[in-house]
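Undergrad: Quick one: the structure is below, and I'll ask about it shortly.
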Ligand SMILES: Nc1nc2c(ncn2[C@@H]2O[C@H](COP(=O)(O)OP(=O)(O)OP(=O)(O)O)[C@@H](O)[C@H]2O)c(=O)[nH]1
Ligand SMILES: Nc1nc2c(ncn2[C@@H]2O[C@H](COP(=O)(O)OP(=O)(O)OP(=O)(O)O)[C@@H](O)[C@H]2O)c(=O)[nH]1
Ligand SMILES: [Mg+2]
Ligand SMILES: [Mg+2]
Ligand SMILES: [Zn+2]
Ligand SMILES: [Zn+2]
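Chains as they are written, first to last, in this note's numbering: chain A, 388 to 598; chain B, 388 to 598.
Laid out in structure tokens, this is it:
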């Protein structure tokens, strides 16, 4: 009989395949429009000469995000879920088959924009990275705690707009520390490039450092 | 045997109860942090002398949103889903039992911040109203079409920030027209009050006009 693979099975298999090819994978999550793709664009432009990068994009519909990454000349594959509110490990396994993994050191998986369930589905990634935008308000860690708890890195984006909002950086940082004291927090602007030196340094250390 | 009520059963029952008490109900949806609660605050301040208002709040955790509405002195009940990414009709039925419906003309149900599945669950409301923030980008109707298709009203919020973003109003309006040409679109700022006269006029007409 055909035993339906669980998400854990697929995730475990993905992790083996990626480890076998020496590829580090990050699962990038946020609300819709927090700036995941814009952050990827600037990250690729900063690191492409030092690290071999690849991207798997996840959306309900369209290739819009993959097209933005494709313009940068790195391998990218677009998953269209058709309506599903998160990526799962089987979708990612299929996408991995379409990418030249032996030519990639660091693979970003941009998940569907959703601050709830993507954090519950292991894709086979090494780490979860989330983006929070200052325009969304500083109460999101308290109101949507799961993803903030699961993330190893939190990028607080759109800092160029912070003075035009009532975003309270201290309240946000306090709530994050309560939920996930070990999280690495970067305050960035994908528009102006603020904070990207620190973020890219962290990425380089992560790719080169970890076994 | 106890037959498990489906969501449709609960929604139908809610609709009967609300119609019986002459209450109109709107299901308010958006991404996290688009401004649903801020829009409700300003709407209540503008209309409380003309229309008897009530609110059901839906979040994963905390009473933060209900506390903001309670300060305005109208009936409000907070649903905490614990982790669920959308409200369902049974949760709303329980919440309705906690509200003085005979004292309410217009009931807002603020759904969990999520641009995907809340649009798939009928709560027993009359209409779906969604909020899109200019800070999220103008590509959301194309990328997350379901909710834009289901909404009768679309409030484009944070217009006070539009010149600080690359939000293309024409592209957004074109994409909305492709998906849902009948949708009523209001361009508003819950911060400055821009567009609220039109929105509140529409609400008054809706509450007074419809059978
Ligand atoms: N002002 C400002 N705008 C930004 C910044 N980063 C992204 N944006 C804008 O935010 C909007 C959404 O950016 P995206 O990168 O498409 O967001 P996303 O998280 O990838 O969105 P989805 O994939 O649809 O969930 C666009 O209009 C961007 O131009 C930033 O640092 N500052
Ligand atoms: N500049 C500006 N900020 C706004 C506007 N409306 C809301 N905000 C801000 O946006 C952030 C989120 O607003 P909320 O009203 O809490 O958003 P929400 O959709 O209710 O969020 P959730 O319930 O957590 O999904 C807060 O920091 C608000 O101050 C607006 O019109 N302009
Ligand atoms: Mg994107
Ligand atoms: Mg709210
Ligand atoms: Zn989901
Ligand atoms: Zn859901």
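Ideal placement from N, C-alpha and C gives every residue a C-beta, glycine not left out.
(1) With the cut-off set at 8 Å, would you say residue 516(A) and residue 482(A) are in Cβ contact?
(2) Closer than 8 Å, CB to CB, is residue 414(B) near chain A or not?
(3) Quick one: is the Cβ of residue 501(A) within less than 7 Å of any heavy atom of ligand 5?
(4) Check distances from the C-beta atoms of the stretch 519-543 of chain B to those of chain A and list, in chain order, the residues that come in under 8 Å.
(5) What does residue 501(A) reach in chain B if we use C-beta pairs closer than 8 Å?
(6) Pull up the CB-CB distance for residue 408(A) and residue 477(A), whole angstroms please, since I reckon it's below 8 Å.
(7) What is the DSSP secondary structure of residue 329(B), counted as helix, strand or coil?
(8) Output, in chain order, the set of chain B residues within a Cβ distance shorter than 7 Å of residue 551(A).
(9) Compute the Euclidean distance between the alpha carbons of residue 568(A) and residue 577(A), then round it to the nearest angstrom.
(10) Is any heavy atom in ligand 6 found nearer than 7 Å to the beta carbon of residue 473(A)?
(11) Of the choices 587(A), 545(A) and 529(A), whose alpha-carbon is the least far from that of residue 493(A)?
(12) Going by beta-carbon coordinates alone, are residue 566(B) and residue 528(B) separated by less than 8 Å?
(13) Nearest to residue 509(A) by CA position, among 542(A), 392(A) and 399(A), is which residue?
(14) Apply the 10 Å Cβ neighbour rule to residue 429(B) and answer buried if 16 or more other Cβ atoms are within range, or exposed otherwise.
(15) From which residue to which residue does the alpha helix (DSSP H) around residue 516(B) run?
(16) For residue 595(A), count neighbouring C-beta atoms within 10 Å of its own C-beta (all shown protein chains included) and say buried if the count is 16 or more, exposed if not.
(17) May I have all residues whose beta carbon comes closer than 6 Å to any heavy atom of ligand 4, sorted in chain order?
(18) Per DSSP, residue 416(A) is paired with what?
(19) Compute the Euclidean distance between the alpha carbons of residue 561(B) and residue 550(B), then round it to the nearest angstrom.
(20) Does the beta carbon of residue 446(A) sit closer than 8 Å to a beta carbon anywhere in chain B?
(21) Would you mind listing the beta strand (DSSP E) stretches within the stretch 498-569 of chain B that are 3+ residues and don't spill past its ends, in chain order?
(22) When you check each C-beta in the stretch 402-427 of chain B against every C-beta of chain A, which residues fall closer than 7 Å?
TA: For this structure:
(1) no
(2) no
(3) yes
(4) 520, 522, 523, 524, 526, 527, 529, 530, 531, 532 and 533
(5) For residue 501(A), the C-beta contacts it makes with chain B under 8 Å involve 472, 501, 502 and 503, in order along the chain.
(6) No, residue 408(A) and residue 477(A) are not in contact; Cβ-Cβ is about 19 Å, not under 8 Å.
(7) Given that chain B is displayed from residue 388 to residue 598, the structure contains no residue 329(B) and the question cannot be resolved.
(8) Correct list: 548 and 551.
(9) Going by the C-alpha atoms only, they are around 25 Å apart.
(10) Taking 7 Å as the cut-off, one finds no heavy atom of ligand 6 near enough to the beta carbon of residue 473(A).
(11) 587(A)
(12) Taking 8 Å as the Cβ cut-off, residue 566(B) and residue 528(B) qualify as a contacting pair.
(13) 399(A)
(14) buried
(15) No alpha helix (DSSP H) contains residue 516(B), which is instead part of the beta strand (DSSP E) from 514-520.
(16) exposed
(17) 423(B), 424(B), 452(B) and 497(B)
(18) DSSP lists 517(A) as the bridge partner or partners of residue 416(A).
(19) 19 Å
(20) yes
(21) With a minimum length of 3 residues, the continuous beta strand (DSSP E) runs that stay inside the stretch 498-569 of chain B are 514-520 and 540-544.
(22) Taking 7 Å as the cut-off between beta carbons, the residues of the stretch 402-427 of chain B near chain A are 418, 419 and 420, in sequence order.
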